[in-house]
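Order-wise, the sequence lines are chains A and B. Number 254 in the UniProt record's numbering belongs to position 254 of the first sequence; there are no gaps in the numbering. Number 202 in the UniProt record's numbering belongs to position 202 of the second sequence; there are no gaps in the numbering. In this text, a Cβ means the ideal position worked out from N, Cα and C, and glycines have one as well.
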Amino acid sequence: MERPEWAPADVDLSRPSVARAYDYWLGGSHNFEVDREFARQAMAAVPDLRLVARANREFLHRAVRFMLDQGVRQFLDIGSGIPTVGNVHEIAQQVDPDARVVYVDIDPVAVTHSTHILAGQPNAVALLEDLRHPEAILEHPETRRLLDLDRPVGLLLVSVVHAVPDHDDPYGLIKRLWTALAPGSCVAISHVTTDSRPDEMGEGTRLSGRTNTPVTARTRAQVEDLFAGLDLVEPGVVWSPLWRPESPAEVGDHPERMSFYVGVGRRR
Amino acid sequence: MNDRPDADGIDDRHRPGVEEFVTAWATALHRAHYVPITAEQRHRIVSALAERLVTAVLTDPVRPGDGQRIGTDLVAAGFGSPEALGGTIAVIGARLPAALGVAADPTRATRLNGLLADLAAGFASAAHDRSLREQDAVRLAALDARTQAEEALRVSEARFRRFATHDQLTGLPNLTRFTEELGRLCSAAVPVDRVGVCCLDVDDFAAVNDVLGHRVGDLLLREIAHRLAALTDPRIGLVARLDSDRFAILVRGTTCAEDAIKIADRALATLAAPFRVNGTEVPLTASAGVAEGAVADDGATLMRDSEIALHWAKADGKGTLRRFDQDRSAADAARYRLSAAMPAALHRGEFTAAYQPIAALRSGRLAGVEALARWRHPQLGLLTAARFIDLAEHTGLVVALGRHLLEQACRQASRWQRIQPGLYVSVNVSVRQLRRNGLAGEVAQILDRTGLPPHLLQLEVTEQAVIDLTGVVTESLAALMALGVRIVIDDFGIGYANLANLRSLPLHGLKLDASLTRPAAQPVRQPGARRPGTDDDFLRTVVSLGHRLGLVVTAEGIETAQQAHRLAATGCDNGQGWHFGRPVPPDEITASIVAQRDRDPVSRDTALPAFPAQQR
Chain A
1 MERPEWAPAD VDLSRPSVAR AYDYWLGGSH NFEVDREFAR QAMAAVPDLR LVARANREFL
61 HRAVRFMLDQ GVRQFLDIGS GIPTVGNVHE IAQQVDPDAR VVYVDIDPVA VTHSTHILAG
121 QPNAVALLED LRHPEAILEH PETRRLLDLD RPVGLLLVSV VHAVPDHDDP YGLIKRLWTA
181 LAPGSCVAIS HVTTDSRPDE MGEGTRLSGR TNTPVTARTR AQVEDLFAGL DLVEPGVVWS
241 PLWRPESPAE VGDHPERMSF YVGVGRRR
Chain B
1 MNDRPDADGI DDRHRPGVEE FVTAWATALH RAHYVPITAE QRHRIVSALA ERLVTAVLTD
61 PVRPGDGQRI GTDLVAAGFG SPEALGGTIA VIGARLPAAL GVAADPTRAT RLNGLLADLA
121 AGFASAAHDR SLREQDAVRL AALDARTQAE EALRVSEARF RRFATHDQLT GLPNLTRFTE
181 ELGRLCSAAV PVDRVGVCCL DVDDFAAVND VLGHRVGDLL LREIAHRLAA LTDPRIGLVA
241 RLDSDRFAIL VRGTTCAEDA IKIADRALAT LAAPFRVNGT EVPLTASAGV AEGAVADDGA
301 TLMRDSEIAL HWAKADGKGT LRRFDQDRSA ADAARYRLSA AMPAALHRGE FTAAYQPIAA
361 LRSGRLAGVE ALARWRHPQL GLLTAARFID LAEHTGLVVA LGRHLLEQAC RQASRWQRIQ
421 PGLYVSVNVS VRQLRRNGLA GEVAQILDRT GLPPHLLQLE VTEQAVIDLT GVVTESLAAL
481 MALGVRIVID DFGIGYANLA NLRSLPLHGL KLDASLTRPA AQPVRQPGAR RPGTDDDFLR
541 TVVSLGHRLG LVVTAEGIET AQQAHRLAAT GCDNGQGWHF GRPVPPDEIT ASIVAQRDRD
601 PVSRDTALPA FPAQQR
């Protein structure tokens with residue numbers, strides 16, 4: 001399973017990439033036909049998948065703004081995917097031009113694209129790394145260069161933890177990540193579930209097996225466990241539209257259809 | 001956008017309904033497409049776009065491109081989805097005509113229509129461009145990712161290659177790398193005529209590991225590697241660690257073997273200085289084998305030859321170097337082949353005995369015969385024992401071979417009793433046979449089977465065999481004596497004769513080595529020195545020593561009648577040598593017994609064997 005440390009990442013363009021499919025669901029064109037084919041199949045199973053993706057993306061931005069309000073000025077975005085308009089560093093640097101962001105993804109194309117976009121951007125960087133190797137991420141020279149781990153960090157695990165199967169111990173991985181961070185650091189997690197739409201989301205989850213990052217859906221209790229050891233901020237683990245919406249009108253009639261549990265925890 | 005000199009529109013822009021239009025448009029856009037901006041930011045963007053649109057509707061004539069630019073800017077603001085365009089057209093169509101009083105002014109209606117068409121066109125064009133840009137970007141990213149992955153692969157392959165071609169402990173190139181480089185030099189593409197391989201091995205390194213531990217052993221290996229790598233000579237192509245304590249130096253551009261030998265010499269010299277590990281001095285020696293040849297030679301052959309030479313250096317006492325030599329190697333190989341063929345040859349009955357007469361010196365009559373091993377080799381012909389006994393001794397086959405010969409000799413001697421009663425047979429017994437348990441039992445069985453009386457079997461053992469009288473040897477000799485078998489010391493006088501042992505052994509006789517019976521070289525005379533004894537003095541002394549101890553003395557190597565007379569004069573009992581007859585097949589012995597009897601019928605029954613029947 002484990003690649004030898006010197007083995008390079010695989011660039012297999014014949015397999016769909018979830019990162020590029022996600023870009024397609026958000027209306028982007030940073031994708032190939034193989035990705036769109038997968039994305040359309042998933043949309044056949046979950047017709048409002050674009051809204052699901054959008055609600056998840058909206059949560060990311062609200063979480064980042066929340067952390068900025070808490071004084072967090074450096075972010076570690078793991079599973080950052082294909083960069084589209086409104087990336088974390090753009091939002092953060094609107095508040096503080098010196099804000100720092102380290103993007104991490106397992107998808108080599110997503111990372112090179114991010115690197116292109118970040119060219120000439122001294123305070124943001126994209127790394128090719130795996131959530132399953134927390135120390136490799138934390139000890140990476142670029143992480144060390146940009147992030148001051150003695151000060152609070154915003155750890156963003158948005159739509160990524162469900163790519164880690166139970167046997168890779170996502171609970172332990174998350175804890176290893178935040179224990180390396182200073183008190184006051186925040187952890188945002190959004191996670192796929194089949195709790196509300198077992199049939200449709202179950203099929204979507206099954207389809208993800210074709211990609212390089214198959215999905216493990218989890219229950220609300222399991223998602224809450226991912227925050228073990230952290231102080232969950234209000235309103236706790238909720239459906240993605242329900243987490244601190246800008247206005248009640250944004251929530252919609254059926255937030256549970258968005259099929260993502262989200263939450264933010266703070267390190268004591 | 002509100003800096004446009006358009007007096008007509010200024011009031012209309014603030015007409016009631018326009019603000020509601022902005023709110024409706026922003027809502028429609030937000031519903032259609034997510035852009036990560038706040039509601040306030042969204043309102044500001046939409047408000048500016050609406051203002052430009054309203055101004056354009058109220059301005060006569062419409063400035064070309066205004067509508068298109070609004071569509072383009074809508075996409076640029078992030079609202080580039082088809083739903084965003086649909087929502088925009090719907091809201092404009094539903095709200096703007098009423099807000100701007102289009103019904104009352106047909107020119108405004110026309111301008112609005114045209115602007116809408118331009119906006120849609122500008123939007124579509126910008127969205128298309130955006131798609132193309134994103135496609136380019138993602139293709140470029142994929143291409144770069146591939147290039148980077150390939151580069152990473154190259155780096156990892158390079159690392160893997162280093163891992164595969166270098167020894168991890170010492171950092172030296174390993175056998176793989178050495179073989180590769182040797183092969184490269186031996187390929188015609190490289191302008192080097194001759195190459196040399198020096199194979200080095202630390203002597204008794206296993207003992208270092210055993211006594212001082214592997215950690216110290218590893219430190220020593222590193223230091224050895226360091227010293228070898230520090231040798232400077234333009235001819236040294238590569239220093240490698242082949243395995244455990246074995247190293248190799250590749251010498252390039254040699255003109256002769258001497259060039260490679262010089263480097264091997266220097267390598268041994270640099271290892272000769274004591275090593276210090278953790279404050280302890282560890283002296284080491286190493287052995288080296290050198291092979292050198294033209295590059296046309298196979299690299300693998302050079303490698304093998306150097307290892308063969310290394311074996312020689314080890315066998316010749318270690319701490320030295322040997323150069324590969326084709327003749328020695330061929331002889332080794334021949335010996336090996338011979339050695340390997342022996343078990344099957346024994347099985348096929350290719351080993352036989354030849355018999356050499358032993359004569360009583362006083363009468364000149366046949367007293368006994370010595371059985372000597374012969375190998376009727378299918379290709380090499382009849383081989384004497386000198387060619388194969390050492391090999392058999394080395395492999396241990398000598399035990400089975402000795403048993404086989406003993407049985408043949410006893411059976412033959414038993415037959416000869418019919419024509420010459422009392423004729424004895426003398427058979428060599430090897431050290432290995434003597435050191436095994438059960439030799440006496442085997443001999444007893446053979447005597448039983450062949451019917452030879454025990455006192456007519458004489459076993460010859462070397463001085464070497466009895467130098468170390470361990471329990472088994474003494475027991476064997478005592479048991480053989482108890483059987484009534486005679487035991488003599490073979491090749492007496494040239495080995496490490498242990499007189500103390502002779503005293504305690506149940507011996508029957510001595511066989512003097514041929515070198516004692518031949519005339520000695522002229523002794524060196526020193527002024528005032530005591531006159532050295534003559535050859536005859538020596539012989540008389542040795543013979544009388546034997547007789548004093550009650551032993552029968554047999555002289556070997558008698559080649560002339562003169563020698564026979566001289567020895568007879570010393571009182572020596574028996575003689576053996578070409579003068580009395582060479583080793584021959586048993587038929588010839590039979591023939592000579594018959595001839596002797598015919599020549600001298602009177603003494604037929606009184607012919608005395610050299611050994612009295614009842615001695616001691």
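Inclusion of VAL95(A) and SER80(A) in the CB contact set at 8 Å is not warranted, their separation being larger than that value. For VAL262(A), the nearest beta carbon of chain B is not closer than 8 Å to its own beta carbon. Among the residues of the stretch 46-72 of chain A, those with a Cβ less than 7 Å away from any Cβ of chain B are ARG54, ARG57, GLU58 and HIS61, in the order of the chain. Sixteen is the threshold: when 16 or more other Cβ atoms of the shown chains lie within 10 Å of the Cβ of ASN428(B), as they do, the residue is buried. Counted as a single uninterrupted DSSP element, the alpha helix (DSSP H) harbouring ILE117(A) occupies residues 108-117. A Cβ-Cβ separation of about 16 Å leaves ARG65(A) out of contact with SER185(A) under the 8 Å criterion.
DSSP, read as helix, strand or coil, puts GLN417(B) in coil. Cβ proximity to chain A below 8 Å picks out GLY78, GLY80 and SER81 from the stretch 67-93 of chain B.
Within 8 Å of the CB of HIS116(A), the CB atoms of chain B belong to ALA137, LEU140, ALA141 and ASP144, in sequence order along the chain. Within chain B, ALA141, ASP144, ALA145 and GLN148 have C-beta atoms less than 7 Å from the C-beta of THR112(A), given in sequence order.
Under the three-state reduction of DSSP output, VAL543(B) falls in the helix class. The C-alpha of ARG387(B) is placed about 12 Å away from the C-alpha of ARG337(B).
Every unbroken stretch of the alpha helix (DSSP H) spanning 4 or more residues and falling wholly within the stretch 61-111 of chain B is given here in chain order: 66-76 and 82-99. Going by beta carbons, ASP201(B) and ALA286(B) fall inside the 8 Å limit.
Here the C-alpha atom of GLY122(B) lies approximately 18 Å from the C-alpha atom of HIS33(B).
What PRO283(B) touches in chain A, judged by beta-carbon distance under 8 Å, is nothing: the nearest beta carbon there is about 42 Å away.
Taking all protein chains shown into account, PHE227(A) has 16 or more neighbouring C-beta atoms within 10 Å of its C-beta and is therefore buried. DSSP places TRP178(A) within a helical segment (H, G or I) once states are collapsed to three. Judged by pairs of C-beta atoms under 8 Å, the stretch 143-152 of chain A touches the stretch 69-77 of chain A, as three or more such pairs exist. Considered as a whole, the stretch 308-391 of chain B harbours 326-348 as its complete alpha helix (DSSP H) runs of no fewer than 4 residues, in chain order. Listed along chain A is no residue with a C-beta nearer than 9 Å to that of TYR336(B); the closest approach is about 45 Å. Distance from the CA atom of VAL197(B) to the CA atom of TRP178(A), rounded to whole angstroms, is 59 Å.
Distance from the CA of ALA315(B) to the CA of VAL290(B), rounded to the nearest whole angstrom, comes to 15 Å.
A Cβ-Cβ distance of about 15 Å is found for the pair THR176(B) and ALA158(B), leaving them out of contact under the 8 Å criterion. Rounded to the nearest angstrom, the gap between the Cα atoms of ALA119(A) and PHE32(A) is 23 Å.
THR462(B) sits in a strand when the DSSP states are folded into three classes.
ALA367(B) and GLY441(B) have their C-alpha atoms some 27 Å from each other. The shortest CA-to-CA distance from GLU181(B) to any of ALA313(B), ALA240(B) and ASN209(B) is the one to ALA240(B).
In the three-state reduction of the DSSP assignment, HIS191(A) falls in the strand class, which pools E and B. With its beta carbon less than 8 Å from one in chain B, GLY86(A) belongs to the interface. Residues are counted here when their Cβ sits less than 7 Å from a Cβ of chain A; for the stretch 15-30 of chain B the count is zero.
At a cut-off of 8 Å between C-beta atoms, GLU246(A) counts as an interface residue with respect to chain B. For SER159(A), the three-state secondary structure derived from DSSP is coil.
Between GLY17(B) and THR55(B), the alpha-carbon positions lie close to 14 Å from each other. The C-beta of SER159(A) comes no closer than 8 Å to any C-beta of chain B.
Residue pairing of ILE487(B) in beta bridges, as defined by DSSP: LEU459(B).
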